[in-house]
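Colleague: Counting in my numbering, the sequence shown runs from 54 upward without gaps. Questions regarding the structure given below will be posed in turn.
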Amino acid sequence: MCGIIGYVGKESAAPILLDGLRRLEYRGYDSSGIAVMNGNRTIQLRKRKGRLQNLRDLVAESPAEGDCGVSHTRWATHGEPTDENAHPHRDQSGKLALVHNGVIENYQTLRDQLEAEGHTFESQTDSEVLAHLIGKFYDASEDEAPGERLVTAIREALGQISGTYGIAVMHADAPGFLVGARLGSPLVVGLGKGENFLASDVAAIVSHTSDAIYLSDRDLVFMTDSDFKIETVGGDEADFQVSRVDFTPEQAEKGEYPHYMLKEIFEQPQTIQNVFRGRLLDDEASAKLGGLNLTPQELRDVDRIVLVGCGTASHAAMAGEYIIENLARIPTEVEIASEFRYRNIPLDKNTLIFVISQSGETIDTLAAMREGQRKGHRVLGIVNAVGSTIARESDGGSYLYSGPEIGVAATKSFTAQVTMLALLGLLLGRMRHLGMAEGQRFLQEIRALPAKVEEILQQTEKIREIAMKYIEAPGMLFLGRQFNFPTALEGALKMKEISYIFASGHASAELKHGVIALVTEKLPSVFIALKDSIYDKNVSSLEEVKARKGPVIAITTRGNEEMERIADDVIYIPEVHECLSPILAVIPLQLLSYHFAVARGCDVDKPRNLAKSVTVE
Ligand code: AGP
Numbered sequence: 054m055c056g057i058i059g060y061v062g063k064e065s066a067a068p069i070l071l072d073g074l075r076r077l078e079y080r081g082y083d084s085s086g087i088a089v090m091n092g093n094r095t096i097q098l099r100k101r102k103g104r105l106q107n108l109r110d111l112v113a114e115s116p117a118e119g120d121c122g123v124s125h126t127r128w129a130t131h132g133e134p135t136d137e138n139a140h141p142h143r144d145q146s147g148k149l150a151l152v153h154n155g156v157i158e159n160y161q162t163l164r165d166q167l168e169a170e171g172h173t174f175e176s177q178t179d180s181e182v183l184a185h186l187i188g189k190f191y192d193a194s195e196d197e198a199p200g201e202r203l204v205t206a207i208r209e210a211l212g213q214i215s216g217t218y219g220i221a222v223m224h225a226d227a228p229g230f231l232v233g234a235r236l237g238s239p240l241v242v243g244l245g246k247g248e249n250f251l252a253s254d255v256a257a258i259v260s261h262t263s264d265a266i267y268l269s270d271r272d273l274v275f276m277t278d279s280d281f282k283i284e285t286v287g288g289d290e291a292d293f294q295v296s297r298v299d300f301t302p303e304q305a306e307k308g309e310y311p312h313y314m315l316k317e318i319f320e321q322p323q324t325i326q327n328v329f330r331g332r333l334l335d336d337e338a339s340a341k342l343g344g345l346n347l348t349p350q351e352l353r354d355v356d357r358i359v360l361v362g363c364g365t366a367s368h369a370a371m372a373g374e375y376i377i378e379n380l381a382r383i384p385t386e387v388e389i390a391s392e393f394r395y396r397n398i399p400l401d402k403n404t405l406i407f408v409i410s411q412s413g414e415t416i417d418t419l420a421a422m423r424e425g426q427r428k429g430h431r432v433l434g435i436v437n438a439v440g441s442t443i444a445r446e447s448d449g450g451s452y453l454y455s456g457p458e459i460g461v462a463a464t465k466s467f468t469a470q471v472t473m474l475a476l477l478g479l480l481l482g483r484m485r486h487l488g489m490a491e492g493q494r495f496l497q498e499i500r501a502l503p504a505k506v507e508e509i510l511q512q513t514e515k516i517r518e519i520a521m522k523y524i525e526a527p528g529m530l531f532l533g534r535q536f537n538f539p540t541a542l543e544g545a546l547k548m549k550e551i552s553y554i555f556a557s558g559h560a561s562a563e564l565k566h567g568v569i570a571l572v573t574e575k576l577p578s579v580f581i582a583l584k585d586s587i588y589d590k591n592v593s594s595l596e597e598v599k600a601r602k603g604p605v606i607a608i609t610t611r612g613n614e615e616m617e618r619i620a621d622d623v624i625y626i627p628e629v630h631e632c633l634s635p636i637l638a639v640i641p642l643q644l645l646s647y648h649f650a651v652a653r654g655c656d657v658d659k660p661r662n663l664a665k666s667v668t669v670e
């Protein structure tokens, strides 16, 4: 997802904008730029294709002076990554600068119209069309002060576009004046002392302020270094609240780790604990999820659950399906968000929908939530990013409290999501027929998770050596059953998205139905074969691969020494309740993919073509 930072204050804007872009690099981008203005009514534009360092070098050669500015990291949608297509974009006069997240669907019609009126464009982007459209309306209205003219022009232009936007805009006629607006693309206001900020992600400005206002769709904000006002794009009063950012600048940094991804893998003992802290009820052998906004009777009436998400969140949902059905005996199904929003699934009034999203901004998951709400269903969110759109628009839900997940590859959010779904399964199960003793045993198992994860993390060097052994592999299969079929899918996603090799996840028994045709002595298979109810079947599948000389890396339960005889490499994890086993079994897969990708020289925090949060369709 593209990144936006805007600054107005008394400091030099360029260093602040560049540092903010650095903090947004993790979201994935292919070009970047800044525009800065000062009192002399000129806008200085610097933009470059490629890594942020290219922009820093340009600004060092050709400094941009001023105390007000906007900046952007671009993940190309319309127009390939080039200097010209990088944001900010200017209008025909060259006095307006805009940065934009989102997609303007009717940009070609607008561009044709503007070209017919004599406008000339420098780029192929939809965003530049918006800059020209605002500039056109600005030039047409001369009876207001420049700042008001700019706000009016923005309102008129936004009324003519269809699509999504998060924008930051400034005009040389109005030094020290910034305007922001959003529809479908997040934008947050940062309130400083003698300075104010706009950002697409609060992580970009958390080192300057902890006071943030998360704008809602159709909000418009205008600000100076000492004041701000929020209205709707339509000109009405807008409600807003000032929130305290729930993490520190250090949490948004790598610290002593070489990559955010490794840091976040090692944070999991803590982040899993953050999920269940204050949510376990010993005397009831149950869990407390206050944010669900449902009475006990409403929870008892639930007769079907739909879990919706994308990517890793959908894999966590799949684990949740097994967990909830096992603990609460409620029919549960998983829907990929991009499918759910267009399917017309028959759901009755006692169906409860959960949307699962780390960022709380994934466009397909957001759209699926709105589709469920449109049909009158309660849609609850399991979200990490506080104040995100899904968190604010859902009918309730629970935060993961994992802190910012910066690495594009989701790691701690997966284990946090599965832990949350286990709490939900316990809560619903104890309202039905899950006994006190079983509930208490489950609580003990949950509390033991952080220490068990810690134990697995100590094997990182052993897992790195295993990764090195297969570093030339052309691909990798990941296999698991029942609770760990989703884990196999998640392991495959991790491997493919950061090391770029072909990797696929399957239910182990599916090998015989086609997958085993892929097995060769060069293609390793990673089996999750824990000493559980399905162990013997899993071993049979594993031996089918071995019989065809396929190398096998096995994840199994500590003490299961027989695996040494069967598999080529064995990684042991502590014994754990089957429902919670994905939380442990995924850790070796996260480390395997991390070490494999690093050894192959891949950029694990910013994998090619990927963005941390997919906010455009
Ligand atoms: C997983 O490693 C990827 N980052 C991606 O699949 C991600 O899980 C997906 O885009 C959903 O993101 P969300 O949880 O922020 O909605």
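Positions of the beta carbon are idealized from the N, C-alpha and C atoms, including for glycine.
Thinking C-alpha only, which one of Pro635, Asp144, Gly343 is nearest Leu480?
Modeller: Closest by alpha carbon: Gly343.
Colleague: Going by CA-CA distance only, name the one from Asp165, Asn93, Ile87, Phe230 that's closest to His153.
Modeller: If we check each option's Cα against that of His153, Ile87 comes out closest.
Colleague: For Thr468, which residues from the same chain have a beta carbon less than 6 Å from its beta carbon, with the 5 sequence-adjacent residues on both sides left out?
Modeller: If we look at Thr468 and ignore the five residues flanking it on each side, its Cβ neighbours are Gln321, Ile325, Ile636.
Colleague: Exposed or buried, Thr385, counting other C-beta atoms within 10 Å across all chains shown (16 or more means buried)?
Modeller: Buried, since its Cβ has 16 or more Cβ neighbours within 10 Å.
Colleague: DSSP state of Thr468, grouped into three classes?
Modeller: Helix at Thr468.
Colleague: Leu481 by DSSP, collapsed to three states: which one?
Modeller: Three-state DSSP puts Leu481 in a helix.
Colleague: DSSP puts Cys121 in a beta bridge; with which residues?
Modeller: Paired residues: Val61, Met90.
Colleague: What does the alpha-carbon distance come out to for the pair Arg500 and Glu351?
Modeller: One C-alpha to the other measures close to 28 Å.
Colleague: Using 7 Å as the cut-off, classify the Cβ of Cys363 as near or not near the heavy atoms of the ligand AGP, replying yes or no.
Modeller: Yes - the ligand AGP has a heavy atom lying nearer than 7 Å to the Cβ of Cys363.
Colleague: Could you tell me the distance, in whole angstroms, from the CA atom of Ala759 to the CA atom of Met521?
Modeller: Residue 759 lies beyond the stretch modelled for the chain, which goes from 54 to 670, so this question has no answer here.
Colleague: Counting pairs of Cβ atoms below 8 Å between the segment 157-166 and the segment 221-234, do you hit three or more?
Modeller: Output reads no: the segment 221-234 does not touch the segment 157-166.
Colleague: Is Val657 near the ligand AGP - that is, is its Cβ less than 7 Å away from at least one heavy atom of it?
Modeller: Every heavy atom of the ligand AGP is 7 Å or more from the Cβ of Val657, so no.
Colleague: Using 8 Å as the threshold, is the C-beta distance between Ile398 and Met422 below it?
Modeller: Not in contact: Ile398 and Met422 (Cβ atoms no closer than 8 Å).
Colleague: As a quick exercise: from Glu195, Leu347, Ile376, Ile283, pick the residue whose alpha carbon is nearest that of Glu631.
Modeller: Minimum Cα distance to Glu631 is reached at Ile376.
Colleague: Residues in its own chain within less than 7 Å of His648 by CB, not counting five upstream and five downstream?
Modeller: Only Ile516, Arg517, Ala520 meet the Cβ criterion.
Colleague: Please report the residue range of the alpha helix (DSSP H) in which Ala652 lies.
Modeller: Ala652 -> alpha helix (DSSP H) spans 634-652.
Colleague: Compare the Cα-Cα distances from Phe230 to each of Gly200, Ile551, Glu446 and report the closest residue.
Modeller: Of the candidates Gly200, Ile551, Glu446, the one whose C-alpha sits nearest the C-alpha of Phe230 is Gly200.
Colleague: Would you say the beta carbon of Gln177 comes nearer than 7 Å to a heavy atom of the ligand AGP?
Modeller: No, since every heavy atom of the ligand AGP falls outside the 7 Å radius drawn around the Cβ of Gln177.
Colleague: What did DSSP end up calling Ser296 once you bin it into helix, strand or coil?
Modeller: In this structure, Ser296 counts as strand in the three-state DSSP scheme.
Colleague: Along the chain, where does the beta strand (DSSP E) containing Arg235 start, and where does it finish?
Modeller: Taken as a continuous stretch (DSSP letters only), the beta strand (DSSP E) holding Arg235 covers 231-236.
Colleague: Cβ atoms of Gln97 and Leu117: under 8 Å apart, would you say?
Modeller: The sequence shown places Ala at residue 117, not Leu. Yes, these two residues count as a Cβ contact at 8 Å.
Colleague: Can you determine whether any heavy atom of the ligand AGP sits closer than 7 Å to the C-beta of Leu546, and answer yes or no?
Modeller: Yes.
Colleague: Going by DSSP in three states, Ser194 sits in which element: helix, strand or coil?
Modeller: Three-state DSSP puts Ser194 in coil, outside helix and strand.
Colleague: Would you check whether the ligand AGP has a heavy atom nearer than 7 Å to the C-beta of Val222?
Modeller: No, the beta carbon of Val222 sits no closer than 7 Å to any heavy atom of the ligand AGP.
Colleague: With a 10 Å radius around its C-beta and 16 neighbouring C-beta atoms as the bar for buried, classify Lys565 as buried or exposed.
Modeller: Flag for Lys565 reads exposed.
Colleague: Could you tell me whether the Cβ atoms of Ile214 and Leu251 are closer together than 8 Å?
Modeller: No, the Cβ-Cβ distance between Ile214 and Leu251 is not below 8 Å.
Colleague: Does the Cβ of Pro349 have 16 or more other Cβ atoms within 10 Å, making it buried, or fewer, making it exposed?
Modeller: Its Cβ having fewer than 16 others within 10 Å, Pro349 is exposed.
Colleague: Using CA coordinates, which residue listed in Met548, Tyr553, Tyr452 is at the minimum distance from Asn410?
Modeller: This sequence places Ser at residue 410; Asn is not what is there. Ranking the options by Cα distance to Ser410, first place goes to Tyr452.
Colleague: Is the closest heavy atom of the ligand AGP to the C-beta of Ala340 under 7 Å?
Modeller: Because no heavy atom of the ligand AGP lies under 7 Å away, the Cβ of Ala340 does not count as near it: no.
Colleague: Check this for me: beta carbons of Leu642 and Val579, under 8 Å apart or not?
Modeller: Their beta carbons are under 8 Å apart, which means Leu642 touches Val579 by this criterion.
Colleague: For Ala504, count neighbouring Cβ atoms within 10 angstroms of its own Cβ and tell me buried if that reaches 16, exposed if not.
Modeller: Label assigned to Ala504: exposed.
Colleague: From the DSSP output, read off the bridge partner residues of Val242.
Modeller: Bridge partners of Val242: Leu251, Ile266.
Colleague: Is Val629 helix, strand or coil by DSSP?
Modeller: The answer is coil: DSSP assigns Val629 none of H, G, I, E or B.
Colleague: For Glu671, verify whether its CB is less than 7 Å away from any heavy atom of the ligand AGP.
Modeller: With the chain covering 54 to 670 only, the question about residue 671 has no answer from this structure.
Colleague: Is Glu290 helix, strand or coil by DSSP?
Modeller: In this structure, Glu290 counts as strand in the three-state DSSP scheme.
Colleague: If contacts are defined as beta-carbon pairs under 8 Å, then Phe555 and Gly544 qualify, I think. What distance do you get, rounded to the angstrom?
Modeller: About 14 Å; that fails the 8 Å criterion.
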